[in-house]
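I have placed the structure first, in the form of structure tokens, so that the comments after it can refer back to it.
There are 2 protein chains.
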Amino acid sequence: MAFIGIDLGGTKLAAAAFTADGALLSRESTPLADRTGAAVGALIVERILALSEKHTLDGAGVCVPGVYRASRGSVWAPNIPGWDDYPLREELRSAFGARTPLTIDSDRAACILGETWRGAAAGARDAIFLAVGTGIGAGILTDGRILRGRGDVAGAIGWLALDRPYVARYVIHGCFEDQASGPGLVRVTRDLLERDARYNGALRHPRPEDLDAGAVFAAYDRGDPVAVRVIDNAIELWGMASANLVSLFNPEIIVFGGGVFGPAAKLLDRVRAEARRWAQPIGIEQARFVTSALGGDAALYGAGRLAMMGRGAA
Amino acid sequence: MAFIGIDLGGTKLAAAAFTADGALLSRESTPLADRTGAAVGALIVERILALSEKHTLDGAGVCVPGVYRASRGSVWAPNIPGWDDYPLREELRSAFGARTPLTIDSDRAACILGETWRGAAAGARDAIFLAVGTGIGAGILTDGRILRGRGDVAGAIGWLALDRPYVARYVIHGCFEDQASGPGLVRVTRDLLERDARYNGALRHPRPEDLDAGAVFAAYDRGDPVAVRVIDNAIELWGMASANLVSLFNPEIIVFGGGVFGPAAKLLDRVRAEARRWAQPIGIEQARFVTSALGGDAALYGAGRLAMMGRGAA
Numbered sequence: 060m061a062f063i064g065i066d067l068g069g070t071k072l073a074a075a076a077f078t079a080d081g082a083l084l085s086r087e088s089t090p091l092a093d094r095t096g097a098a099v100g101a102l103i104v105e106r107i108l109a110l111s112e113k114h115t116l117d118g119a120g121v122c123v124p125g126v127y128r129a130s131r132g133s134v135w136a137p138n139i140p141g142w143d144d145y146p147l148r149e150e151l152r153s154a155f156g157a158r159t160p161l162t163i164d165s166d167r168a169a170c171i172l173g174e175t176w177r178g179a180a181a182g183a184r185d186a187i188f189l190a191v192g193t194g195i196g197a198g199i200l201t202d203g204r205i206l207r208g209r210g211d212v213a214g215a216i217g218w219l220a221l222d223r224p225y226v227a228r229y230v231i232h233g234c235f236e237d238q239a240s241g242p243g244l245v246r247v248t249r250d251l252l253e254r255d256a257r258y259n260g261a262l263r264h265p266r267p268e269d270l271d272a273g274a275v276f277a278a279y280d281r282g283d284p285v286a287v288r289v290i291d292n293a294i295e296l297w298g299m300a301s302a303n304l305v306s307l308f309n310p311e312i313i314v315f316g317g318g319v320f321g322p323a324a325k326l327l328d329r330v331r332a333e334a335r336r337w338a339q340p341i342g343i344e345q346a347r348f349v350t351s352a353l354g355g356d357a358a359l360y361g362a363g364r365l366a367m368m369g370r371g372a373a
Numbered sequence: 060m061a062f063i064g065i066d067l068g069g070t071k072l073a074a075a076a077f078t079a080d081g082a083l084l085s086r087e088s089t090p091l092a093d094r095t096g097a098a099v100g101a102l103i104v105e106r107i108l109a110l111s112e113k114h115t116l117d118g119a120g121v122c123v124p125g126v127y128r129a130s131r132g133s134v135w136a137p138n139i140p141g142w143d144d145y146p147l148r149e150e151l152r153s154a155f156g157a158r159t160p161l162t163i164d165s166d167r168a169a170c171i172l173g174e175t176w177r178g179a180a181a182g183a184r185d186a187i188f189l190a191v192g193t194g195i196g197a198g199i200l201t202d203g204r205i206l207r208g209r210g211d212v213a214g215a216i217g218w219l220a221l222d223r224p225y226v227a228r229y230v231i232h233g234c235f236e237d238q239a240s241g242p243g244l245v246r247v248t249r250d251l252l253e254r255d256a257r258y259n260g261a262l263r264h265p266r267p268e269d270l271d272a273g274a275v276f277a278a279y280d281r282g283d284p285v286a287v288r289v290i291d292n293a294i295e296l297w298g299m300a301s302a303n304l305v306s307l308f309n310p311e312i313i314v315f316g317g318g319v320f321g322p323a324a325k326l327l328d329r330v331r332a333e334a335r336r337w338a339q340p341i342g343i344e345q346a347r348f349v350t351s352a353l354g355g356d357a358a359l360y361g362a363g364r365l366a367m368m369g370r371g372a373a
């Protein structure tokens with residue numbers, strides 16, 4: 060038996076075959092190159108077919124970089140041209156027939172499925188993957204089931220309201236993401252540089268286009284005073300957001316992943332201490348905070364798990 | 060067929076019999092008087108027995124003012140002496156036997172079940188009851204199922220972190236509840252009175268012990284400047300909290316209830332406008348904001364619904 064997982068990203072497609080125990084049988088990666096629209100759908104079909112020549116196909120799971128509209132079987136993926144409402148389920152059904160279990164979901168849903176299957180949250184049924192990178196999103200599992208919401212956009216945690224007053228630029232990506240995503244760290248840095256004319260440290264020197272989250276973390280490690288303020292601000296917000304997850308969901312585990320965790324992984328104890336100040340006190344004792352064990356493979360493993368769930372695994 | 064619902068409060072027990080369609084067959088209310096511990100459990104059994112003499116008992120549901128620990132069948136109800144860990148499930152089982160469907164849950168879970176069964180959110184499967192009164196709590200339904208969390212304390216929305224910096228008194232009841240519950244409105248009023256020595260309006264005059272949420276709303280209706288600031292602050296926080304529910308859960312409806320909604324019901328349009336600034340923009344378009352249709356009976360109806368769910372109704 061083999062379950063095939065496809066992790067479609069904005070620039071490449073990762074594919075893998077797994078045993079029912081989650082052991083990796085084989086894996087591969089294909090750049091999307093200049094593919095758009097139906098050519099991306101065709102590539103997914105092609106890679107599933109290629110893997111199923113090597114392994115018996117017992118089911119396939121596909122995760123997508125955007126929103127999977129479960130009722131319609133279509134995908135909105137902002138970084139793939141022509142995927143505003145792409146009929147992926149129909150595409151896969153017509154290639155593989157109705158008898159092959161096929162399951163599609165968002166990449167953030169896949170991340171928490173991967174981590175609860177074979178990663179840092181193995182076996183957990185109330186678990187959250189908090190992805191902090193270019194954007195901020197959450198994959199949420201409640202009593203073993205993916206939280207989808209009315210219109211499949213649940214888990215949009217980048218939009219958390221955490222800090223008053225409201226600032227106009229929150230309209231683009233939400234309050235939490237504005238300050239605490241990778242680009243958010245840069246925005247807060249620029250705000251501080253503008254207000255503090257006396258500062259002449261490392262973060263003043265790069266050309267504006269070279270100022271990125273990596274530069275902020277590097278400056279933080281050297282004790283740069285602006286970087287310290289930026290990271291302290293982010294720790295407070297990551298802590299408040301995690302506290303809100305604890306108070307609302309009472310999860311047993313929160314897995315921190317994405318590009319920022321990453322370099323912020325070493326700050327996790329401080330994030331947890333901050334969360335402890337704000338969160339419901341019984342809930343915080345029950346919630347473990349960990350970093351992703353699967354890293355960039357969390358969604359790929361989750362896609363494999365989606366394949367199994369299509370056969371009724373719970 | 061009749062389903063019996065019991066809504067245990069801190070001072071009285073409401074009981075009712077319902078048809079499978081949610082029509083009310085009969086209802087009654089009994090003061091707890093000086094009952095504590097096992098005497099409260101005995102009263103629940105007694106009232107179910109009394110109602111089942113009038114109606115065929117097809118199942119009973121009980122909601123409790125606290126936390127129902129589902130794995131152990133016990134209840135923590137802070138306002139009922141001797142109910143730190145009361146074995147209610149065992150108590151009911153020994154009175155009615157294993158064959159009678161018996162279901163227990165928290166009152167906030169019951170409120171959203173009541174509203175989705177026969178109230179303002181009828182038929183909704185992704186719905187939230189936001190109860191704002193002496194405390195603040197939420198009953199959360201995701202895809203038709205009550206959100207419990209790892210330790211049955213999910214929905215502790217009074218603890219939402221919404222406002223920096225952290226203030227020491229948040230440790231008692233959380234940031235959101237500190238400012239935006241009924242007593243929270245009074246706390247913010249007192250803070251403003253302390254800081255504004257020139258104010259000599261109506262909220263200055265009552266003896267401190269007469270200053271309550273009702274007095275704040277009454278002053279607000281007369282345009283009192285301190286009351287306006289207190290209510291504007293609360294509207295912003297109610298809006299931010301609702302926005303966070305929208306962004307995380309993508310619900311189709313949020314039902315506002317509890318003693319404060321109530322007088323705040325007429326402010327719901329402003330709460331929604333505030334939420335729209337902060338929330339994920341697709342999610343907010345899909346979420347209706349309404350006030351409770353069942354008012355003080357929401358939990359009682361929900362207890363009836365719990366009774367049906369014990370028979371496998373979904």
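Order-wise, the sequence lines are chains A and B.
This note's numbering puts the first residue of the first sequence at 60, with every later residue one more than the last.
This note's numbering puts the first residue of the second sequence at 60, with every later residue one more than the last.
Just so it is clear, CB atoms sit at the ideal spot from N, CA and C, and this is done for glycine as well.
field: Any C-beta of chain B under 9 Å from that of A/Cys234
entry: yes
query: Is there at least one Cβ from chain B nearer than 9 Å to A/Trp142's Cβ?
result: no
task: Using a Cβ-Cβ cut-off of 9 Å, state whether B/Gly182 counts as contacting chain A.
output: no
message: Are the CB atoms of A/Gly363 and A/Phe77 within a distance shorter than 9 Å?
response: yes
query: Taking C-alpha atoms, which residue in A/Asp66, A/Thr350, A/Asp164, A/Gly316 lies nearest to A/Leu206?
result: A/Asp164
message: Ignoring anything shorter than 3 residues, give me the beta strand (DSSP E) runs that lie fully in the segment 277-361 of chain B, in order along the chain.
response: 312-316, 347-350
message: List, in chain order, every chain A residue whose beta-carbon is nearer than 9 Å to that of B/Arg336.
response: Ala220, Tyr225, Tyr229, Val230
message: Taking its Cβ as the centre, do 16 or more other Cβ atoms sit within 10 Å of B/Val287, making it buried, or is it exposed?
response: exposed
- request: Please decide whether B/Pro124 counts as near chain A, where near means a Cβ-Cβ distance under 9 Å.
  value: no
message: Does chain A have any CB closer than 9 Å to the CB of B/Ala300?
response: yes
message: I want to see whether chain B comes within less than 9 Å of A/Asn303, judged by CB atoms only; does it?
response: yes
task: Output the distance between the C-alpha atoms of A/Gly239 and B/Ile65, rounded to the nearest integer angstrom.
output: Note that residue 239 of chain A is Ala in the sequence shown here, rather than Gly. Going from the Cα of A/Ala239 to the Cα of B/Ile65 covers about 46 Å.
query: Whose C-beta lies closer than 6 Å to the C-beta of B/Gly298 among residues of the same chain, with five residues either side of it excluded?
result: Val330, Glu333, Ala334
query: Is B/Asp164 helix, strand or coil by DSSP?
result: strand
- prompt: In the DSSP assignment, what are the bridge partners of B/Trp135?
  reply: B/Val126
task: Residues of the segment 278-295 of chain A with a CB closer than 9 Å to any CB of chain B: list them in chain order, please.
output: Glu295
message: Taking a contact to mean a Cβ-Cβ separation below 9 Å, would you say A/Gly120 touches A/Ala366 in this structure?
response: yes
- request: Would you kindly work out how many angstroms separate the C-alpha atoms of B/Ser351 and B/Ala358, rounded to a whole number?
  value: 11 Å
- prompt: Does the distance from the CB of A/Val314 to the CB of A/Leu189 come in under 9 Å?
  reply: yes
message: Suppose contacts are defined by Cβ-Cβ distances below 9 Å. Is B/Leu67 in contact with B/Ile171 by that definition?
response: no
- prompt: Who are the near neighbours of B/Gly100 in its chain, counting only those whose CB is closer than 7 Å to its CB and skipping five residues on each side?
  reply: Tyr145, Leu147, Glu150
query: What span of residues does the beta strand (DSSP E) with A/Ile199 cover, start to end?
result: 195-201
query: Does the beta carbon of B/Leu206 sit closer than 9 Å to a beta carbon anywhere in chain A?
result: yes
message: Please list, in chain order, the chain B residues whose beta carbon lies closer than 8 Å to that of A/Ile163.
response: Neighbours of A/Ile163 on chain B: none; closest Cβ ~17 Å, over 8 Å.
message: Looking at chain B, is there any beta carbon in it that lies within less than 9 Å of the beta carbon of A/Leu307?
response: yes
query: Measuring CA to CA, which of B/Ala300, B/Gly192, B/Ala180, B/Val134 is closest to B/Thr162?
result: B/Val134
query: Can you name the residues that DSSP bridges to A/Lys71?
result: A/Pro90
Residues, ordered as in the chain, of the segment 317-337 of chain A that lie near chain B by beta-carbon distance below 7 Å: Arg336, Trp337
field: Rounded C-alpha distance that separates B/Glu87 from B/Asp356
entry: 12 Å
- prompt: Looking at the C-beta of A/Thr248, does it have a partner C-beta in chain B at a distance below 9 Å?
  reply: no
message: On the DSSP bridge list, what partners appear for A/Leu189?
response: A/Ala197, A/Phe315
query: Along chain A, in chain order, which residues have C-beta atoms closer than 9 Å to that of B/Ala311?
result: In the sequence under discussion, the amino acid at residue 311 of chain B is Glu, which differs from the Ala named in the question. Under the 9 Å cutoff, chain A gives Gly208, Arg209, Gly210.
task: Quick one: list the residues of chain A neighbouring B/Gln345, beta-carbon separation under 9 Å, in chain order.
output: Gly208, Arg209, Gly210, Val212
query: Which residues in the same chain have their Cβ closer than 7 Å to the Cβ of A/Arg300, if we skip the five residues on either side of it in sequence?
result: Sequence check: residue 300 of chain A is Ala here, not Arg. Result list for A/Ala300: Ile216, Leu219, Leu221, Phe235, in chain order.
query: Does the distance from the CB of A/Arg209 to the CB of B/Ala92 come in under 9 Å?
result: no
message: I'd like the span of the alpha helix (DSSP H) that includes A/Tyr229, first residue to last.
response: 229-232
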